[in-house]
Every structure is written in structure tokens, then in C-alpha cells.
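Quick notes on the structure that follows.
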Amino acid sequence: MSGQQSIEQLSINTIRTLAMDAVQAANSGHPGTPMALAPVAYCLWNRFLRFDPADPAWLNRDRFVLSVGHASMLLYAMLYLCEVRETGDGHEPGHDLAVTLDDIKQFRQLDSKCPGHPEQHCTTGVETTTGPLGQGLANSVGMAIAQRWMAGYFNRPGFDVIDFDVFSLCGDGCLMEGVSSEAASLAGHLKLSNLCWVYDSNRITIEGKTDLAFSEDVAARFRAYGWKVSRIEDANDLDALTRAFESFKNETEAPSLIVVDSHIAFGAPNKQDTHGAHGEPLGEDEIRLAKKNYGWPEDAKFLVPEEVLGHFRSGIGARGQAARDAWTTMFRAYGEQYPELVDQLSKMESRQLPESWDQDLPEFPADPKGVATRASSGKVLNAIAKEVPWLIGGSADLAPSTKTLLTFDGAGEFHAGGGRNMHFGVREHAMGSILSGMALSNVRPYGAGFLIFSDYGRPAIRLAAMMNLPVIYVFTHDSISLGEDGPTHQPIEHLASLRAIPNIVLIRPGDANEVVEAWRVIMQLQRQPAILVLTRQAIPTLDRTRFAPTSGLAKGAYVLADAENGKPEVLLLASGSEVSLCVQAYEELKGQGIHARVVSMPSWGLFERQSREYRDSVLPPEVTARVSCEQATTFGWSKYVGSNGTSIGIDTYGASAPYKDLLQHFGFTVDRVVAAAKQQLETAVNAEVRCSDSSQTCQDEHIFLLSSPILDYKRQGQALIGDPESFLFSSSVKETTLPRFLVNQTHECEQSRPVA
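Going by our numbering, the sequence shown opens with residue -17, and the numbers climb by one from there.
In C-alpha cells:
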């Protein structure tokens, strides 16, 4: 076999056969594209990609993004053949292979390092998690943007310490997705000449040929975006591929699109150029026929000739090591001249913060009129960005509304050369994915928009959470209180749906000083995205000499205002703009002799991480009279108010009107909160106490075993007397005298001696 094929062809066929065998062994997956694009991957990796397999986390490595994630076996084969080494938690290089042949044999199996689609947190050498088509392309734009900013900030004459390129492999499906169009448009506008997309034009989708739904001139579209476009008529033409990649390397004014005409499942006589090779194994018989066409042993499985491994070692292995060694020598000299920049670069790479980064955060005086939390957030953001140079971002054409423009001296514009203010245009989906690409390059990105439009970027938010990326999303205009724009712009279900995404920290602060604390929490996150939800309208800034300090926000929920005796009868729970509403209701209830507690709950996710002891101290289980208030769907609040609690919210769409009229119309008033609290107390007092083994009200004298004992309970001249573990009462005691902790609970009971 070796004597009959060139080492290049032998390497390419090794990639193909590994993909076929792995998909067949898993009985699922996609063999067709790896078979078609093996020459492209071989040419790029072994001839051009600046990447050291011995140190795959090298700062200045070229990035390779497999946007066509279902072709994951192409990437796993390359990681194995290039002998990429595993890295530790601190990204230090190790000795073990990131992907072994045994890992490939476990393709798509539980706990395999070769999952069905590439997962960045799972497999060293995978630059980003891909699968939803088009996402990887937008991620690659974010990486290219990050490189441009890093080069502008860190490079110095004679020291191009950051000059990596970004390559992404995509297919017809990727280019049908809207997110890729958004990202390509922005990349062309920004003239990202460090970006190269390779488009696999195989003209096949799952349903059949692409002409069923896709007939546009892709090359013309990209030229209109401002890209340089070249075409390779045969994916197997290594010389043509080499010329195309060389042309990209020499390009300085535009991103590059290389259109590669390929044959899906190349070499499989019955499956080539058919949708039967898209998303399912070829079958044993077809694999034998394909291997025969390759001049490969027909019955050999997972065969990797030793000379192929040696070829990759002498190719990308030697070339990558030489490139990294030269860079390391340069970087050492750079560090001697610019130690402060090296320190900043080190902190950025390890997701640390500069010392005293939060020393100049603003404080806001108590003010009953207050300020919109979007406005206070803008001031905090600017204060932080002055101290954290790699905090960069922008909005989807909404910076004046979201207050996310950096205005301090030196902030600058990204498109004008290394500035910090990005302009994503009206491209929410691409913005979210681009932010992930920036975070994968370890700058700290933020992106802003209206909360209602978070739906446009939701797939990107989900992937950021999956990848543990500390992206910051600033979403303003958070409720019906945005007013006249009406229900198309008024979020209802959005808080609940975003809270449901695993590994997300969502914070909806209740006043300007909670905003300060929210940013303090967010900036210290290293492995989680954060969503900051802010108001359009002004809300009161609470007097923290009367109410609890904002430091409690870090725990997700805290007691803001408590009953004077420390024993609340009713709990008022709220987030955001409704916190001050509950404070007003609290004052009204206190004036009526009712002991209430206000709990500010800006972050359910942070609260759930706290100990049971802390959570119970904030929301005592024995206090079952509870009211929540939030200008959003009530969905989810039952977890905190209980099945019999009252949730004041909005489970319909909003309306177009001045926001104060809307608050009155939808019942977000002090009177309603007070009435709900009183109703909860009445319900609690009049609740029937039932035996655990009976559906009838308990008429006999019993001992009730309680988890929260109260001694010598007295009310209205009558008594309930007991010891720390139990209470003795008679049915002659009126239900209205029972302690509130009995409400809505089922208790074990035993027959007991008569009451004397």
C-alpha cells in the first residue's frame, strides 16, 4: 500500500478511513464530509496552520474552527494524526495524547473524548463547540476580532506577539443559516483579513440536493460583503488548495472565502454525491468498496500506517514547534522591554483581574426618584473598563439606549484601530456568537441589546454557557415599563426562559447600588456567562442606612428589610424594579401592625448555590404566607412562594401606553401587594390542620411533631404549649390561634393524653 501511494495520498486516505470506520462502529454519525474534505484538512494543517501539537494552547497559534460540526471525525482524525497533546486546567501542555486511537474507536459513546459534535470543554484542540450550523463561523469572526484588538493593544514595533490567523470550515447548511450572513457582513465591513472560511460546496443536504432550497450565487454574495473569493474546482487538487491558502496569507484588505467543489463520500461508489452519506453510516459493504477504491486493505479497521504519523510529525509537528520556539524567543525580549504589557497579557489569558480594578466604582446616594438601572450600569461599566483594558464590547445598534458606550478618554472605536467600542449593527444572533469567539481568545467581551431581542441571540447564549465562557450580556428595557413601544418590545417570558439555561448567572438588580454589586460579581466570574437585566425607567435608589447593604446580592437573595422583631409573618419577594414596590408595601403593612420581610432576589441561580441554612434564613420554611412580585411571567416563582403563595406578575402580553398607566392597568401597585399580603395572612390563619393519615380536620387531641419548634406560643389570650419537639393542643383551640408555621403542612400525629 505504501509503495503504491504518495505519502500525501496515504495521509489523506487515512483520514477518510478513520472517519468511515468510526461512524460505522458508532452506528451513527456523518462520514461523507470527512471523506470529501480530507485533502483540504491535510493541506491546511500540514502545510499552513501555525499550530504546535505539543502546546495546543499556545497564545499565538492559528485557530481552526469546524463550523460544520457534524463532520467531527475529520477534526478528531487530525488531532490524533498530528499527535496533539492534552493540556491541564491551566492550559499547560502535557504528555498524553488529546485524542487516541482508542478514543476514536469510542466515537459518540458516553464519556468519550470524541463526542458526536466537537465540544471545546471536552477535547483539547477543539477551539469552540460547534454543531448548530453557522455558529462556528460567527465564533471565528469573534476570534479574528479579538486578534485584531490584541494586536493593536499589545504589539509594539519589532514585536508582533499577536498575529494569528483564523480558519473555519463550513458547508452549505452553515451558509443557509442567518447567523453566518450576519457575521460575514460584519467581517467584510471590518476588513478582517486574518479570517479565512473554506466553503465545502458539495451540493448535498439531508433531504437531497441543495437545489431543493438553495440556489443563490454564494461567491457573488460574499463579494458583495467585501470578501476576497477564490474557487477550487476539485477538492483533491492539493496544488490548487496550496495556492488558495497562500493567497489568503498574502491578503491584507479583506477576509477570504475559498469555495471548494467537493464530492460527499468521495470514493464510495454507491453513496458518493448522495444524501445517503449525510448523517448515517455507509454500511460495511460500501466501506469495503470505498477502501478498495483507495487502494486500502478492505477488511482493515482503524488502520493508521506508521509512516503517516511520522509524516505529520515532520510536517505540522516540526513546523509548529519551530514557530513557537521563535515566538518564545521574541516574547522573552518583548517582556524585558514591556513587563507591564506581559503582566496584563498574563492576567487576561488566565482570566484574572488587575489589582484594585474595582477601587473607583461609583456609589449612588439615596433618592426616591432614583435612576434607571441601565443608566447606573453605564457609569459602572465605564469605571471598570478604565481599569480592565481587555473589557471590550458594544451593542446591536442600541448603545445610546443600553448605555453601554465607553466614553472615557482613550476608549476609542474598534474600527478606527484598536479601540474598545464595538458596533455590531442590528445583528443580535451574530453578536452573541462573536462574543463567544472573543471570549475563547480570552478578551472579556460584553454585548448589549433589549431583553426582548435576547431571543434572537439565544442559541449563542446557550453555547457560551455550555463552553463555560464568561461573556457578559447586558439586556435593558426589561419589562412592560418600557411603555409605548408596546407588546412587541415588552418581554414577558424572557426572564424565565433565560433562567432555565444551565450555567447562566442572571442578575436583575433592584436599584443603582445593586447594579454596582452586580457588576462586581459578574467581573469575577471565570467560567460562566452573565446576563445583566436592567430597567428603562428610573427606580428609587434605596437608603442603605435603613436597609441591608447590597453585599447580599452576591448570594442571589438577601433580607432587605425585616420585621422589627425579626419574626416576619409574611414574606415579600421581588427582583429589579419591583423591589422598591415591595419596600413601599412593607412600610404600609408595618403601619398596620403586620410584620413583613422584604427579600430582594436579583439572582435565583446564585441563591440556589447557597447552603440550605442560608436559604432557610432568608426564606424561613415556617413562614408560608408569601407574595412575589415581578413584571414578567409568574412561571417559576412557585418554587419560592409555595403552591399556595401569591405571585403578582403578567402572564399575558403587554400593551402600548405610558408605563405608569401600564403599571396601574396590570396591577403593579402598592395597594395590590398589600392586599395580597393580607390575603396570604388570612389564608394562613384560617387553614385547616389535617392529620397525615386522614382527609378530615383533626378533631381529637393530638401531638403534632414539628420541624421548627416554638415554645409557649400565645396569641389573643389563648395558648399552644409544648416542648422543643412537639406541641399539645385541643380541638377546642380555635384555628385562628394556630401558629402560622402549621399552614399548608402535613404533620405526623399520634394519639395523646387528654389536655388537663
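Glycine included, C-beta positions come from ideal geometry on N, C-alpha and C.
With 16 other Cβ atoms within 10 Å as the buried cut-off, status of residue i
i, result
"H171", "exposed"
"P350", "exposed"
"S183", "buried"
"F741", "Because the chain spans -17 through 738 in this model, residue 741 falls outside it and cannot be assessed."
"L464", "buried"
"I188", "exposed"
"R314", "exposed"
"E332", "In the sequence under discussion, the amino acid at residue 332 is Ser, which differs from the Glu named in the question. So S332 ends up on the exposed side."
"K274", "exposed"
"E164", "buried"
"D44", "buried"
"D154", "buried"
Contact under 8 Å by Cβ, residue i with residue j
i, j, result
"L488", "S585", "yes"
"L433", "F457", "yes"
"V609", "V552", "yes"
"E65", "R295", "yes"
"T527", "D493", "no"
"I127", "I416", "yes"
"A36", "A217", "no"
"S377", "G431", "yes"
"P237", "N9", "no"
"A365", "D342", "yes"
"H12", "G352", "no"
"T740", "G51", "Examination of residue 740 is not possible in this model, given that the chain is present from -17 through 738 alone."
"Q662", "T616", "no"
"C152", "S54", "no"
"V143", "N42", "yes"
"L422", "L451", "yes"
"T355", "V497", "yes"
"Q91", "V161", "no"
"Q88", "I269", "no"
"F33", "G302", "yes"
"T234", "S175", "yes"
"S559", "I521", "yes"
"A120", "G419", "yes"
"D84", "K283", "no"
Among the options, nearest to residue i - alpha-carbon criterion
i, options, result
"P114", "A442, S610 and T532", "A442"
"R185", "G394, A578, T15 and V148", "T15"
"F141", "E318, V290 and G190", "E318"
"R509", "C25, M448 and G558", "M448"
"Y135", "T82, Y568, A1 and G400", "G400"
"S562", "V655, V324 and Y58", "V655"
"P473", "E499, A4 and D633", "D633"
"R502", "F529, S533 and L477", "S533"
"V123", "L168, H99 and R138", "L168"
"I86", "P75, H77, D78 and L61", "L61"
"A748", "T606, I462 and A1", "The structure shown does not extend to residue 748, since the chain is modelled only from -17 through 738, so no value can be given for it."
"P491", "D437, A530, S582 and I374", "S582"
"V108", "Q91, H77, D145 and F149", "F149"
"P100", "V47, T384, D71 and F346", "V47"
"H471", "A120, N28 and Y635", "Y635"
"A166", "V200, D544, G277 and T82", "V200"
Contact set for residue i: own chain, Cβ-Cβ below 7 Å, skip 5 residues either direction
i, result
"M744", "The question about residue 744 has no answer here: the residues shown for the chain are numbered -17 through 738."
"D243", "S183, I214, E215, D216 and A217"
"S(-12)", "none"
"W309", "N42"
"E570", "V652 and V656"
"S94", "D85 and Q88"
Residues near residue i in its chain [Cβ-Cβ closer than 8 Å; skip 5 each side]
i, result
"V370", "L335, P336, W339, R426 and M505"
"T(-4)", "A59, L63, L285, V286, P287 and V290"
"Y596", "K537"
"H411", "A120, G160, V161, E164, Y438, G439, P441 and A442"
"Y316", "R138, F141, V143, L323 and V324"
Beta-carbon contacts of residue i that lie in its chain and below 6 Å, excluding the five residues immediately before and after
i, result
"Y24", "S(-7) and I(-6)"
"A247", "G14, M17, K253, Q254 and A259"
"R(-2)", "M17 and A20"
"N485", "A447 and Q510"
"K348", "Checking the sequence, you will find Ala at residue 348 rather than Lys. Closer than 6 Å at the Cβ level, and outside the excluded window around A348, lie T523 and D525."
"Y641", "S463, G465 and Q519"
Any C-beta of chain C under 8 Å from that of residue i
i, result
"A520", "Within the model displayed, chain C is absent; a lone protein chain is all it includes."
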